[in-house]
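Residue numbers (the numbering used here), protein chains in the order written: chain A, 8 to 354; chain B, 12 to 260. Note that the Cβ used here is the ideal one computed from N, Cα and C, for glycine as well. These notes concern the structure reproduced below.
Pasting the structure below:
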């Protein structure tokens, strides 16, 4: 892709920007005027910084795009948990990394994937190639929690086999430009996908959650729920596309995106798209952008809650629905704690 | 007790309440009746502290303390409870969480200890049983998908737990069938106490068959134009507001 080529050649003119349809709200070209020099190797930081209360059976740490493995292979048997830390320790430099994640048929894996940064002004690009075998179950919890001046792009290509279950929840707090893309090749055949996201943005942070699900054969399910809050001059972007190919009958696809603007200067851009070439399908999408309900706020205050508490409670209730859908109990609790922490800064 | 003196309230450029005075002694229930547009809802929202209702003159005191400079939540902590004509739906916030947050916020504001979860559950269970509310309903988001009668019962439940000193019932009978009206009224009557004042704001006399007032005031054109005993409500039911509307005009 052009981002990878731009980093390799340090040619900023190759970067995607607003003239590219898929990047029109996340104009990388205007944010990155010159491609920074490559990041040096750095030592792995100690202990997990994000969701620290969660334990995992395995851990992979990627620092400035470098890891001591090419990926992770999950075998059938007992469910396992993998912590995948994507760490940037860089100042004004750029790095890219690639990993693979394979689940053999019948395997069951929960991935806690965190993006964290210690430096400033870095440009990080990370790609994950995921393959989920027949009847395997993958739950992926992605936390993007990076410095306000970072540029962070991540994408995954997810290949599913029949009967697979793939559930994903992306929690993003934004950066100078933060984008997380998920591309799913959906084989139908009873495979199920849940693709959720949440962005909590303040300051001048920008988060872009982009997803594409391609249903290629009969009997596939996709259920998608993304929610977001934007305050100050933050900007949230949601682009969701579900394609149902000819012959992919009995596809059941639902997509919802609901966001709240907490003040006038913030911005939400959303593009939900359903492209349907099959006849017998059940597809629906809903998209709403609003503000906190002033009548509800008055009602809560009239019952004794200070305005700040009332706002916080409404916001938590609004976004809580996304976190509640995480299946892994420990991850769900840890995600709630992370969300509460971010909401404190926004309410 | 509640004491309102020469209250003037404007919304934008328009004056709605024009010199309203009213006293509700502790332990009494007073009804304020009036035609549409008389300023009934403006009065209740002003007492509760809703923004957009600008007090240009006068005061409203609860036990000697002027309410009008306080935030809505501060008034609630002082004991003001407005029962809404249309209680709001609060998506995603379980009823129990909502009431406990409100109770503890009030207690905190008064310098009292918070009520711990087990003690609160006991309190809520007892209050719900008295009002014949299924406890499981309290685990659902407040008022979301509830019927009109259920919403009003949730208001009564909140009153019973929050134990306010001044109850303002704003058109509590609207949207209620007879059975719901009876249950809600019983809940309100159970709240009568020597140290509690109630202001029942209503268009129709019907509610006052269930909640017997000590006094009735007629609100027309932003002023109290007549006051009397319960018989005044019956007179209004029979002869309408026209006699007062003409006199006020």
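Item, Value
"Three CB pairs or more closer than 8 angstroms across the region 160-174 of chain A and the region 342-349 of chain A", "no"
"Amino acids of chain A, ordered along the chain, whose beta-carbon sits closer than 8 angstroms to that of residue 176 (chain B)", "None at all; the shortest Cβ gap to chain A is about 13 angstroms."
"Residue 32 (chain B) classed as buried or exposed, judged by whether at least 16 other C-beta atoms fall within 10 angstroms", "exposed"
"Segment limits, beta strand (DSSP E) that includes residue 249 (chain A)", "242-251"
"C-beta atoms of residue 187 (chain A) and residue 149 (chain A) nearer than 8 angstroms", "yes"
"Supposed contact pair residue 58 (chain B) and residue 91 (chain B) - C-beta distance, whole angstroms, cut 8 angstroms", "7 angstroms"
"Stretch-stretch touch, CB-based, cutoff 8 angstroms, three pairs: the region 127-140 of chain B with the region 335-345 of chain A", "no"
"8 angstroms Cβ cutoff, residue 103 (chain B) in contact with chain A", "yes"
"Pairwise C-alpha distance: residue 46 (chain A) and residue 153 (chain B)", "52 angstroms"
"Residue 283 (chain A) beta carbon less than 8 angstroms from that of residue 237 (chain A)", "no"
"Per-residue contacts from residue 112 (chain B) into chain A (C-beta, under 9 angstroms)", "307, 310, 311, 312, 316, 317 and 320"
"Coarse secondary structure for residue 178 (chain B), derived from DSSP in three states", "strand"
"Chain C residues whose Cβ lies nearer than 9 angstroms to that of residue 297 (chain A)", "Looking at the structure shown, chain C is missing, and the protein chains on hand are A and B."
"Nearest-angstrom beta carbon gap, residue 37 (chain B) and residue 205 (chain B) [assumed within contact, 8 angstroms]", "7 angstroms"
"Cβ-based neighbour list, residue 184 (chain B), same chain, cut-off 7 angstroms, excluding 5 preceding and 5 following", "192, 213, 215, 217 and 218"
"Residue 207 (chain B) at chain A interface by Cβ criterion, 8 angstroms", "no"
"Length-filtered (3 minimum) beta strand (DSSP E) runs lying within the region 67-136 of chain A", "78-81, 87-95, 101-110 and 115-124"
"Beta-carbon proximity list for residue 36 (chain A), same chain, < 6 angstroms, skipping 5 on both sides", "22 and 24"
"Beta bridge counterpart(s) of residue 176 (chain A) as assigned by DSSP", "A:148 and A:203"
"Any C-beta of chain A under 8 angstroms from that of residue 71 (chain B)", "no"
"7 angstroms Cβ cut-off: residues of chain A touching residue 83 (chain B)", "305, 308 and 309"
"Straight-line gap, residue 12 (chain A) to residue 19 (chain A) (C-alpha atoms, nearest Å)", "10 angstroms"
"Euclidean distance between Cα positions of residue 330 (chain A) and residue 234 (chain A)", "10 angstroms"
"Member of A:104, A:316, A:14 and A:248 whose CA lies at the smallest distance from the CA of residue 230 (chain A)", "A:248"
"C-beta contact flag for residue 177 (chain A) and residue 216 (chain A) at 8 angstroms", "yes"
"Assumed close pair residue 81 (chain B), residue 210 (chain B) - CB separation to whole angstroms, cut-off 8 angstroms", "Not confirmed; about 17 angstroms, so no contact."
"Candidates A:336, A:321 and A:337: closest to residue 353 (chain A) by CA position", "A:321"
"Beta-carbon spacing of residue 195 (chain A), residue 170 (chain A) below 8 angstroms", "no"
"Alpha carbon of residue 74 (chain B) to alpha carbon of residue 15 (chain B), nearest angstrom", "11 angstroms"
"Where residue 266 (chain A) meets chain B, residues with beta-carbon distance less than 8 angstroms", "The contacting residues do not exist; residue 266 (chain A) stays about 15 angstroms from chain B at best."
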